[in-house]
Amino acid sequence: MNILLLGGGGREHALAWKLAQSPLCTALFAAPGNPGIAEHAKLVDLDLEDHAAVAAFCAGQGIGLVVVGPEAPLVDGIADSLRAAGVPVFGPGKAAAQLEGSKGFTKDLCAEAGIPTARYVRCMSADEALAELVGFSLPVVIKADGLAAGKGVIIAETADDARAAIEDMFGGSFGASGAQVVLEEFMEGEEASFFALTDGTAIVAFGSAQDHKRVGDGDTGPNTGGMGAYSPASVLTPALEADVMTRIIEPTVATLAARGTPYSGVLFAGLMLTAQGPKLIEYNCRFGDPECEVLMMRLESDLVELLLAVAQGRLGAVPAPVLGQDTALTIVLAAKGYPGTPEKGAPIALPSAPEGARIFHAGTAHKDGALVANGGRVLAVTALGASVTQARDAAYALADKVDFPGGFCRRDIGWREVARAAALPAE
Ligand code: AMP
Ligand code: GLY
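If you're matching positions, the sequence shown starts at -19 in our numbering and goes up one per residue.
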């Protein structure tokens, strides 16, 4: 089968690597792709906002499956356009992608379905939000409703900060995404991510992960898209995972199906593990980046078989995904300046990766025949280990061999999980 992968980051490199391994894959195309993806796929120049052009490419190449990596084309309805043209797509349609496209949509769905989440109000104007603020204790969480590349959430410690954030959002600092705002109660606990595949009816677990959002060691400094991640996250015990499935994932899938807008694709649940049990922070309608890199390292199943079954509504008829017992850990090498203005064009020389380790390209390009940095997050250096400590040591050993003087990484990826492992009694 011919497959088209949309996107060009580290998530898509990990997906391309796994898709290309499948005996079901005849030819893999990627748009726009990147130099790492080019090792597994033929790169094609397509405008992802031009759905008719993407559909025409699929018809011309006999594409039997489109895998959509990032959220923006999904929220924009590319899956609907391609399905209407008869192309199987992995990823939700526009209506179900509102789970990521609108925070208020998700909160209302939680209220309707009784899904545990923070208390909230949706506000349409600054005056309304300022008036509602008195109903919340501090800190209070203020969120731009729409997509904001992970930047639309402010945790305000003081009433002045909260008022400033509200004025700022309605003042247009997040563009149209801030035309509506959600005020939310602050939840205490540890964060973890849980993934599930669903075709709208069948649902299967696809593993857990934790990431590091802050740019600096010790979880300090500004938020990023993620400076590293590991899977599994042992804090999400089998009992908690079962709880998340029955109280969060299943009612979400059932509610969207009952509304006539079934969800098909991967559901990425951001969770807060509170004293009252897991609560939903937010949904993403695609794999995480860099969470996808660690999930793909652990995946033993045929990815094409799974994603095609989701796309064709046959998920219940294929074997459930198998994720290996080993821990995978990834370290993001970012360009200096990230998450502000990353320096572009710094040269990179890559070592060869040993067995059980891989370097995924996130933001690279070829310039005059040489590999250079071309984004904020540049590489995701990933390794498997029998324990999180072994995975971490293998990943740092490889990261330290990367010659990228224009880059930096955190030195403490996995610290929480490593500390947990160290606290366990020796076997
Ligand atoms: P989101 O984009 O909704 O995932 O929010 C980004 C980050 O803000 C989350 O990963 C949490 O660290 C934090 N956050 C969001 N909502 C809450 C909440 N209600 N309570 C505590 N932290 C939150
Ligand atoms: N690493 C977080 C995300 O992909 O949204």
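Cβ atoms here follow ideal geometry from the backbone N, Cα and C, with glycine treated the same way.
Since we're looking at a predicted model, the values are computed, not measured.
Sub-8 Å separation of S188 and A172 beta-carbons
Working through the sequence shown from its first residue, we reach residue 188 at position 208. Working through the sequence shown from its first residue, we reach residue 172 at position 192. Yes, the Cβ-Cβ distance between S188 and A172 is below 8 Å.
Of all Cβ atoms in chain C, is any one closer than 8 Å to the Cβ of G268?
Note that chain C does not occur in the displayed structure, where there is just one protein chain.
Let me know if V34 comes out buried or exposed under the rule of 16 or more other beta-carbons within 10 Å of its beta-carbon.
Position 54 of the sequence shown holds residue 34. With 16 or more other Cβ atoms within 10 Å, it is buried.
Going by DSSP in three states, M252 sits in which element: helix, strand or coil?
Within the sequence shown, the letter at position 272 stands for residue 252. Here M252 sits in strand by DSSP.
Where the alpha helix (DSSP H) through V224 begins and ends
Against the sequence shown, residue 224 aligns to sequence position 244. Taken as a continuous stretch (DSSP letters only), the alpha helix (DSSP H) holding V224 covers P218 to V224.
Can H408 and N14 be called in contact, C-beta distance under 8 Å?
Here the chain comprises residues numbered -19 to 407, so residue 408 is not present and cannot be evaluated.
Can you tell me whether G250 sits near the ligand AMP, meaning its C-beta is under 7 Å from at least one heavy atom of the ligand?
Looking up residue 250 in the sequence shown gives position 270. Flag set: Cβ of G250 near the ligand AMP.
Whole-angstrom distance between Q1 and D306, CA atom to CA atom:
Walking along the sequence shown from the start, residue 306 turns up at place 326. Walking along the sequence shown from the start, residue 1 turns up at place 21. Near 20 Å, if we compare the C-alpha coordinates of Q1 and D306.
Determine the contact status of V46 and V67, defining contact as a CB-CB distance below 8 Å.
The residue you call residue 46 lines up with position 66 of the sequence shown. The residue you call residue 67 lines up with position 87 of the sequence shown. Taking 8 Å as the Cβ cut-off, V46 and V67 qualify as a contacting pair.
What is the DSSP secondary structure of R372, reduced to helix, strand or coil?
Counting from one through the sequence shown, the residue named residue 372 turns up at place 392. Under the three-state reduction of DSSP output, R372 falls in the helix class.
Any non-hydrogen atom of the ligand GLY within 7 Å of E165 CB
Counting from 1 along the sequence shown, the entry for residue 165 is found at position 185. E165 Cβ: outside cutoff for every heavy atom of the ligand GLY.
Taking the alpha carbon of T86 as the reference point, which residue from E335, A21, A136 and E164 has its own alpha carbon closest?
Taking the sequence shown and counting its residues from 1, the one referred to as residue 86 is at position 106. Checking every option, the nearest Cα to that of T86 belongs to E164.
Taking the continuous alpha helix (DSSP H) assigned at L283, which residues delimit it?
Stepping through the sequence shown from its first residue, residue 283 is reached at position 303. Looking at the DSSP string, the run of the alpha helix (DSSP H) that includes L283 is L283 to A291.
Use the C-beta contact count for K83: other C-beta atoms within 10 angstroms, 16 or more gives buried, fewer gives exposed.
Mapped onto the sequence shown, residue 83 falls at position 103. K83 should be labelled buried.
Determine whether the beta carbon atoms of P301 and L279 lie at a separation below 8 Å.
Taking the first residue of the sequence shown as 1, we reach residue 301 at position 321. Taking the first residue of the sequence shown as 1, we reach residue 279 at position 299. Yes; because the gap between Cβ atoms is below 8 Å, this pair is in contact.
Thinking just about the alpha-carbon of each residue, which of I339, L127, D179 and E323 is nearest to the one in L330?
By 1-based counting over the sequence shown, the position of residue 330 is 350. With distances taken between Cα atoms, L330 lies closest to I339.
Are L378 and A337 close, meaning C-beta to C-beta below 8 Å?
Your numbering for residue 378 matches position 398 in the sequence shown. Your numbering for residue 337 matches position 357 in the sequence shown. By the CB criterion at 8 Å, L378 and A337 fall inside the cutoff.
For G343, verify whether its CB is less than 7 Å away from any heavy atom of the ligand GLY.
In the sequence shown, counting from the first residue as 1, residue 343 sits at position 363. Taking 7 Å as the cut-off, one finds no heavy atom of the ligand GLY near enough to the beta carbon of G343.
Classify A353 as helix, strand or coil using the three-state DSSP reduction.
For the purposes of this step, residue 353 is identified with residue 373 of the sequence shown, where counting begins at 1. It is a strand residue.
Alpha carbon to alpha carbon, what distance is there between L247 and L313?
To locate residue 313, count along the sequence shown from 1; it is residue 333. To locate residue 247, count along the sequence shown from 1; it is residue 267. In this structure, the CA atom of L313 is about 27 Å from the CA atom of L247.
I think G352 touches G394, with their Cβ atoms under 8 Å apart; what is that distance to the nearest whole Å?
Taking the sequence shown and counting its residues from 1, one reaches residue 352 at position 372. Taking the sequence shown and counting its residues from 1, one reaches residue 394 at position 414. Sequence inspection shows Val at residue 352; the Gly mentioned does not correspond to that position. Cβ atoms of V352 and G394 stay farther apart than 8 Å, at about 28 Å.
Can you tell me where the alpha helix (DSSP H) with C272 in it begins and where it stops?
As a position in the sequence shown, residue 272 is number 292, starting the count at 1. Unbroken alpha helix (DSSP H) run through C272: E271 to R278.
Looking at the ligand GLY, does it come within less than 7 Å of E271, judged from the CB to the closest heavy atom?
Counting from one through the sequence shown, the residue named residue 271 turns up at place 291. In this structure, the C-beta of E271 approaches the ligand GLY to less than 7 Å from one of its heavy atoms.
Close beta carbons around F174, own chain, < 7 Å, minus the five adjacent residues each side
Along the sequence shown, one-based indexing puts residue 174 at 194. Exclusion of the five residues before and after F174 leaves S188, L216, E221, V224, A249 and L251 as the residues of its chain whose Cβ lies within less than 7 Å of its Cβ.
Start-to-end residues for the beta strand (DSSP E) that takes in C103
Walking along the sequence shown from the start, residue 103 turns up at place 123. Under the DSSP assignment, C103 falls in the beta strand (DSSP E) whose first and last residues are Y100 to C103.
Give a yes or no on whether the C-beta atoms belonging to P258 and P50 are separated by under 8 Å.
The residue given as residue 258 occupies position 278 in the sequence shown. The residue given as residue 50 occupies position 70 in the sequence shown. Against a cut-off of 8 Å, the Cβ pair of P50 and P258 comes out as no contact.
What separation, rounded to the nearest whole angstrom, lies between the Cα atoms of P327 and L23?
Mapped onto the sequence shown, residue 327 falls at position 347. Mapped onto the sequence shown, residue 23 falls at position 43. As the crow flies, the alpha-carbon of P327 is around 22 Å from that of L23.
With the cut-off set at 8 Å, would you say A59 and V69 are in Cβ contact?
As a first step, residue 59 must be located in the sequence shown, where it is residue number 79. As a first step, residue 69 must be located in the sequence shown, where it is residue number 89. At a Cβ-Cβ threshold of 8 Å, A59 and V69 count as neighbours.
Compute the distance between the beta-carbons of P322 and G356, then report whether it is under 8 Å.
Residue mapping note: residue 322 aligns to position 342 of the sequence shown, counting from 1. Residue mapping note: residue 356 aligns to position 376 of the sequence shown, counting from 1. Yes, Cβ-Cβ distance for P322 and G356 is below 8 Å.
Nearer than 7 Å: is that true of the beta carbon of G387 relative to any heavy atom of the ligand GLY?
Stepping through the sequence shown from its first residue, residue 387 is reached at position 407. False, no ligand heavy atom lies under 7 Å from that Cβ.
Within the chosen definition, does the segment 140 to 147 reach the segment 114 to 124 through at least 3 CB pairs nearer than 8 Å?
Using a C-beta cut-off of 8 Å, the segment 140 to 147 makes contact with the segment 114 to 124, since at least three inter-stretch Cβ pairs fall below that distance.
Bridge-paired residues (DSSP) for S211:
As a working mapping, residue 211 is identified with position 231 in the sequence shown. Answer is A308, bridged to S211.
Where do the N-terminal and C-terminal ends of the beta strand (DSSP E) with I183 fall, by residue?
Against the sequence shown, residue 183 aligns to sequence position 203. Segment I183 to D191, the beta strand (DSSP E) holding I183.
Could you check what DSSP says for P327 in three-state terms: helix, strand or coil?
Position 347 of the sequence shown, counting from 1, holds the residue named residue 327. In this structure, DSSP gives P327 an extended state, which the three-state scheme calls strand.
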